[in-house]
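**Q** For the sequence shown, counting from 1, position 41 maps to 41 in full-length UniProt numbering; every step adds exactly one.
Right, I'll just put the structure down here and ask away after.
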Amino acid sequence: MNNVTDLVYLIQDVLELPIAEQDINTPFDQLGGWDSLGLLRLITSIEIRTGKKVSVLSMLQARNIKDIYESIQ
Numbered sequence: 001m002n003n004v005t006d007l008v009y010l011i012q013d014v015l016e017l018p019i020a021e022q023d024i025n026t027p028f029d030q031l032g033g034w035d036s037l038g039l040l041r042l043i044t045s046i047e048i049r050t051g052k053k054v055s056v057l058s059m060l061q062a063r064n065i066k067d068i069y070e071s072i073q
């Protein structure tokens, strides 16, 4: 992930959610369609794309997309 925009595009693709870059600070409970199974799919996709292991705990503690981006840097 070179920037948060890359993560937004990945989320759009993997989770098929209509989010935009301005949604990065929106709490997950306010993003329709966000669920734990989607989060697992996202973790797998991030690991495949970056070649890095993603901490499930840090992903579960994330409150929004920006938190996810910061945890994978």
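From the three backbone atoms N, C-alpha and C, an ideal C-beta is built for every residue, glycine too.
Please read all numbers here as calculations on a predicted model, not as lab measurements.
(1) Quick check: M59 and S71, are their CB atoms within less than 9 Å of each other?
(2) Taking the alpha-carbon of S55 as reference, which of L15, A20 and Q73 has the nearest alpha-carbon?
(3) Applying the criterion that 16 or more other CB atoms from any shown protein chain within 10 Å of the CB defines a buried residue, is I11 buried or exposed?
(4) Just the Cα atoms here: how many angstroms apart are E21 and T5?
(5) Exposed or buried, what is L37 when buried is set at 16 or more other beta-carbons lying within 10 Å of its beta-carbon?
**A** Based on what the coordinates show:
(1) yes
(2) Q73
(3) buried
(4) 6 Å
(5) exposed
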